[in-house]
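Peer 1: Please find one structure pasted underneath; my questions will follow.
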Amino acid sequence: MGKRATRATPLKTAERLKVGKPKQVAAGITGVSKSFSIGLSEAGLGRTWGAMRTVNKFDGFDCPGCAWPDPDGHRSGFEFCENGAKAFATEATKKRVTADFFAEHSVTSLSQQPDMWLDKQGRLTEPMVLRDGSEHYESISWQDAFGMIADSVNNLDSAHEAVLYTSGRTSNEAAFLWGTLARQIGTNNLPDCSNMCHESSGYGLTPVIGIGKGTVRLSCFDEADLILVIGQNPGTNHPRMLTALASCRRNGGSVVSINPLEETGMRRFKHPQEILSMIGSGTKIADDHFPVRINGDAALLKGVMKVVLKSGKLDRDFIDEHTIGFEAFRTAIEASDWDEIIAGSGIGRERIDKLGKAVAESKKLIICWAMGLTQHKNSVSVIQEIANLLLMGGHFGRPGAGACPVRGHSNVQGDRTVGIQHNPSEGFISRLGQATGIDSPREGGYDSVEAVRAMLGGKVRLFMGMGGNLVSAMSDTEQVAIGMRNVDLSVQVSTKMNRSHLVTGKEALILPCLGRTEVDRQASGEQFVTVENSMGIVHMSRGSLTPASEQLFAEPAIVAGIGTACFGSEPFDWAEMAKNYDSIREVIEQVIPEFDDYNSRVREDGGFYLPNGPHDGPTWDTPSGKAQFTVHELPNAVAKEGQFTMMTVRSHDQYNTTIYGMDDRYRGIYGARRVVMMNPLDMADLGIEAGDEVDLTSHFEERQIHAAAWKVVSYEIPRGNLCTYFPEANVLVPLDSVADGSNTPTSKSIAVTVSMP
Ligand SMILES: Nc1nc2c(c(=O)[nH]1)N[C@H]1C(S)=C(S)[C@@H](COP(=O)(O)OP(=O)(O)OC[C@H]3O[C@@H](n4cnc5c(=O)[nH]c(N)nc54)[C@H](O)[C@@H]3O)O[C@H]1N2
Ligand SMILES: Nc1nc2c(c(=O)[nH]1)N[C@H]1C(S)=C(S)[C@@H](COP(=O)(O)OP(=O)(O)OC[C@H]3O[C@@H](n4cnc5c(=O)[nH]c(N)nc54)[C@H](O)[C@@H]3O)O[C@H]1N2
Ligand SMILES: [Mo]
């Protein structure tokens with residue numbers, strides 16, 4: 003049998019680009035009716051109605067769409083949004099991928115298909131194996147699959163040849179077991195999607211405020227007098243957040259958007275659950291919009307801080323009592339140069355003055371951000387500038403104020419809390435050892451970028467993914483594919499088919515699992531799992547739908563099965579863990595003190611808040627015991643003369659690498675995803691017309707990567723900036739182009755040249 007010729011990207015397909023006007027209003031009736039129609043078309047009436055009644059209810063399942071929290075007390079009819087409904091519908095679909103499907107389609111032929119097609123084939127139904135040299139997956143029993151993994155683990159020359167990846171939909175219970183499995187194998191090689199996501203936020207905030215998470219609660223949005231939304235597109239990616247922003251405005255607060263694009267959700271919003279606002283033109287969301295250049299935020303924030311300093315409206319008592327480093331910070335800000343600030347941000351002096359004055363006046367300021375800030379070379383320092391700005395006004399430890407990194411995957415924050423850490427703390431490792439008897443390694447492991455480098459260097463022999471789709475989600479797709487093919491065995495625990503099942507190690511396993519929406523029955527009866535949302539609330543999630551196939555295993559049961567096959571029951575009784583998830587939570591509680599009384603507290607309606615020093619006190623878990631002001635240089639532009647800075651974003655019709663449809667309705671781009679948004683003046687300079695096909699070449703150090711045939715869309719984007727969709731554009735993001743400190747791929751800052759073919 004020959005070598006497989008699987009593709010890391012699909013064959014070129016005919017796309018029919020149609021461009022309309024960007025939408026002015028987000029969500030509203032289209033949102034709800036669309037939700038139902040999406041659910042109906044994929045899942046059918048019974049499953050749609052049954053599930054939508056319980057989504058985000060105290061006793062229902064946690065919406066797999068995003069990590070935005072639900073109201074603490076009363077929950078209205080439907081706590082979901084259009085895109086949550088899409089996330090639900092892709093999981094609850096009636097379509098099935100069976101052994102017959104894989105007998106019919108070779109992995110090479112499947113890999114030529116677009117990602118959307120792969121997902122639309124339906125739910126994975128039984129464990130499958132791809133043997134060395136074979137073109138087709140075949141059925142395998144669960145026990146044999148676990149046995150293959152155990153053989154692989156036993157054959158490693160070093161434990162560090164194993165890599166265990168985690169995607170952020172994984173529950174606390176499954177993630178805790180997954181991390182424990184890695185440590186019993188003997189490694190901290192636990193890369194996770196967070197490395198590509200909010201790593202810069204955690205890395206930036208921890209040393210300066212003593213916690214790597216947000217410091218606000220949902221109720222803070224009702225009280226804030228000013229909310230800055232920076233580098234985030236909530237209308238598409240966190241639609242329920244619009245309700246909170248609208249509430250701030252209704253109570254007299256202001257909302258300001260800072261983004262190269264004026265995204266639809268930040269213009270106007272119709273709440274699907276408030277009948278009155280569905281009539282008319284909706285609630286205006288942003289009072290002002292600052293079309294900052296890509297990565298111009300550091301400069302803009304500096305300008306704002308200059309204005310605040312000059313106004314003298316600082317919280318001196320707070321600064322004296324709670325912070326260190328203020329004088330050095332003040333000196334540096336005062337010395338910074340207005341011309342550089344204006345050139346770097348692309349925002350004029352008067353406009354910065356206006357924003358600075360609003361911030362200086364604010365008594366309750368919330369700053370929200372997401373991927374627009376975390377995926378640049380200097381992301382860690384930008385996030386520390388946000389902390390600086392909040393510290394100047396004392397916006398911690400008071401209701402209505404604080405930092406709000408808006409998390410992506412519904413449990414990405416929880417996974418970190420329960421030990422998906424490639425650099426775990428000594429405290430965690432020693433308590434894990436005491437609770438489980440496992441002699442856990444201290445040495446740091448690989449993050450996502452390091453894992454790919456190790457694969458490329460032939461240092462990884464076993465790759466296992468708990469959910470996710472590393473091949474498409476990571477930067478530098480072709481390099482990731484080369485690395486993955488070097489691995490002996492790749493294993494994916496998944497609900498749906500994706501590229502990581504096709505671009506694989508020499509041998510591969512698909513271990514199909516239950517989704518969030520489905521009933522999980524184990525030896526002791528029906529189980530629930532727990533998750534932590536973006537505001538540190540840990541709560542339960544219980545599925546209600548009949549599982550897509552009788553052969554599916556729950557994620558905790560899969561990890562327990564692998565653990566048993568590899569290590570038996572000593573010193574840690576893996577099999578016992580799967581029988582009743584209360585036993586997993588009991589171990590978590592011993593390892594992580596904040597989970598004290600876990601099993602009873604999580605059974606209360608709405609769950610419980612994890613402690614949060616800067617919010618609850620404020621107190622600061624830093625070496626000095628105080629919050630730290632920091633000083634940062636302005637970044638160098640990535641684009642040289644003749645180059646553009648490109649960002650890669652999500653369309654309205656996708657969930658990360660899962661593509662639901664071809665339309666980006668809010669931006670008015672239909673029928674095509676291989677597009678590049680460009681300023682009309684830049685187009686004119688290069689003699690390009692809307693609809694032309696151009697080639698893109700990225701530049702990083704000595705390396706150039708070429709990707710052909712992107713259709714140009716004329717778009718309101720700052721000059722010199724380009725925008726493409728992820729995952730298509732990931733081929734252009736060089737593996738070594740990463741954020742300082744956090745090592746996050748710079749998916750929002752890629753130097754690119756545009757050429758006509
Ligand atoms: N429906 C849906 N929901 C999702 C997801 C999904 O794919 N689909 N993904 C989930 C995940 S994992 C995550 S992490 C979140 C992602 O949520 P977002 O961060 O909102 O996602 P992106 O599409 O990457 O959007 C980034 C935004 O930042 C802006 N931006 C880019 N560069 C800059 C910059 O330099 N400065 C500023 N100020 N703005 C910039 C872009 O114009 C865009 O509006 O959403 C989560 N929710
Ligand atoms: N260029 C560029 N690249 C990016 C980004 C960007 O903005 N630009 N964003 C980055 C970000 S923020 C993130 S978070 C990553 C996302 O990276 P990942 O989390 O790895 O990718 P996803 O596309 O969310 O994973 C989708 C797959 O998860 C599986 N899945 C879904 N639900 C479940 C479940 O309940 N259990 C299990 N076991 N599997 C399930 C399905 O098989 C599905 O195909 O991508 C990153 N990559
Ligand atoms: Mo993310």
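Residue numbering for the sequence shown follows our numbering, beginning at 3 and increasing consecutively.
Quick reminder that beta carbons are idealized off the backbone N, C-alpha and C, glycines included.
Could you compute how far the alpha carbon of I539 sits from the alpha carbon of D490?
Peer 2: 40 Å
Peer 1: Measuring straight from C-alpha to C-alpha, what distance separates D655 and S739?
Peer 2: 27 Å
Peer 1: Quick one: Cα of S700 to Cα of P241, how far?
Peer 2: Distance from the CA atom of S700 to the CA atom of P241, rounded to whole angstroms, is 32 Å.
Peer 1: Just to confirm, does H378 get its C-beta within under 7 Å of one of the non-hydrogen atoms of ligand 3?
Peer 2: No, since every heavy atom of ligand 3 falls outside the 7 Å radius drawn around the Cβ of H378.
Peer 1: Taking all protein chains shown into account, decide if R463 is buried (16 or more other Cβ within 10 angstroms of its Cβ) or exposed.
Peer 2: buried
Peer 1: Run through the stretch 635-694 for me and flag every whole alpha helix (DSSP H) of 4 or more residues, listed as ranges in chain order.
Peer 2: 682-688
Peer 1: Express the C-alpha separation of T266 and A147 in angstroms, rounding to a whole number.
Peer 2: Roughly 47 Å between the two C-alpha positions.
Peer 1: Go to D522, then tell me how far its beta strand (DSSP E) extends in each direction, as first and last residue.
Peer 2: D522 to Q524
Peer 1: Ligand 2 and R171: does any heavy atom of the ligand fall closer than 7 Å to the residue's C-beta?
Peer 2: yes
Peer 1: What's the call for Q2, buried or exposed, on a 16-neighbour Cβ count within 10 Å?
Peer 2: The requested residue 2 is not part of the displayed model; the chain covers only 3 to 759.
Peer 1: Look at A184 and L158 and say whether their C-beta atoms are less than 8 Å apart.
Peer 2: no
Peer 1: Assign M758 to one of two classes, buried (16 or more other C-beta atoms within 10 Å of its C-beta) or exposed (fewer than that).
Peer 2: Counting every other CB atom within 10 Å of its CB across the protein chains shown gives M758 a total below 16, marking it as exposed.
Peer 1: CB E201 to CB N745, shorter than 8 Å?
Peer 2: yes
Peer 1: When the distance is taken between beta carbons, is P720 closer than 8 Å to V451?
Peer 2: no
Peer 1: Ligand 3 and G839: does any heavy atom of the ligand fall closer than 7 Å to the residue's C-beta?
Peer 2: Within the shown structure, residues of the chain are numbered from 3 to 759, placing residue 839 beyond reach of any answer.
Peer 1: Indicate whether A69 and G570 have their beta-carbon atoms separated by less than 8 Å.
Peer 2: No, the Cβ-Cβ distance between A69 and G570 is not below 8 Å.
Peer 1: Looking at the secondary structure, which residues open and close the alpha helix (DSSP H) in which T15 lies?
Peer 2: Careful: T15 lies outside any alpha helix (DSSP H) and carries neither H nor E.
Peer 1: Check C68 in the structure and name its three-state DSSP category.
Peer 2: It is coil, neither helix nor strand.
Peer 1: Out of curiosity, what's the CA-to-CA distance linking Y611 and N197?
Peer 2: 24 Å
Peer 1: Name the DSSP beta bridge partners of W340, please?
Peer 2: W340 is not bridged to any residue.
Peer 1: Whose C-alpha, out of D441, R400, G429 and T519, is nearest the C-alpha of G619?
Peer 2: R400
Peer 1: Quick one: what's I539 bridged to in DSSP?
Peer 2: Y611
Peer 1: With a threshold of 7 Å on Cβ separation, who are the neighbours of V495 within its own chain once the five nearest residues in sequence on each side are excluded?
Peer 2: G467, M468, G469, L513, C515, E557 and I560
Peer 1: Taking just the CA atoms, how far does S259 sit from V310?
Peer 2: If I take the Cα positions, the gap works out to 19 Å.
Peer 1: Would you identify the three-state DSSP class for N488, choosing helix, strand or coil?
Peer 2: helix
Peer 1: Is any non-hydrogen atom of ligand 2 found closer than 7 Å to the C-beta of S154, if you look at the structure I gave you?
Peer 2: Distance from the C-beta of S154 to the nearest heavy atom of ligand 2 is not below 7 Å.
Peer 1: Name the DSSP beta bridge partners of D290, please?
Peer 2: BP columns for D290 point to V258.
Peer 1: Anyone know if the C-beta pair for F555 and G565 falls short of 8 Å?
Peer 2: no
Peer 1: Does the contact criterion of 3 or more C-beta pairs under 8 Å hold for the stretch 172-183 versus the stretch 412-422?
Peer 2: The stretch 172-183 is in contact with the stretch 412-422.
Peer 1: Using the Cβ count rule (16 or more neighbours within 10 Å means buried), how would you classify Q706?
Peer 2: exposed
Peer 1: Using 7 Å as the cut-off, classify the Cβ of P729 as near or not near the heavy atoms of ligand 2, replying yes or no.
Peer 2: yes
Peer 1: For M3, collect the residues of the same chain with a Cβ closer than 6 Å to its Cβ; drop the 5 residues on either side in sequence, then sort them by chain order.
Peer 2: Note that M3 scores a pLDDT of 46, beneath 50, so its modelled location is shaky and nothing firm can be said.
Peer 1: So does C791 have its beta carbon nearer than 7 Å to some heavy atom of ligand 3?
Peer 2: Shown here, the chain extends from 3 to 759; a query on residue 791 therefore has no answer.
Peer 1: Shorter than 8 Å from the beta carbon of Q114 to some beta carbon of chain B?
Peer 2: Although the question refers to chain B, the structure presented lacks it and comprises just one protein chain.
Peer 1: Any chance the CB of N413 is under 7 Å from a heavy atom of ligand 4?
Peer 2: Of the ligands this structure carries, namely ligand 1, ligand 2 and ligand 3, none is ligand 4.
Peer 1: Taking all protein chains shown into account, do 16 or more other C-beta atoms lie within 10 angstroms of the C-beta of E84, making it buried, or fewer, making it exposed?
Peer 2: buried
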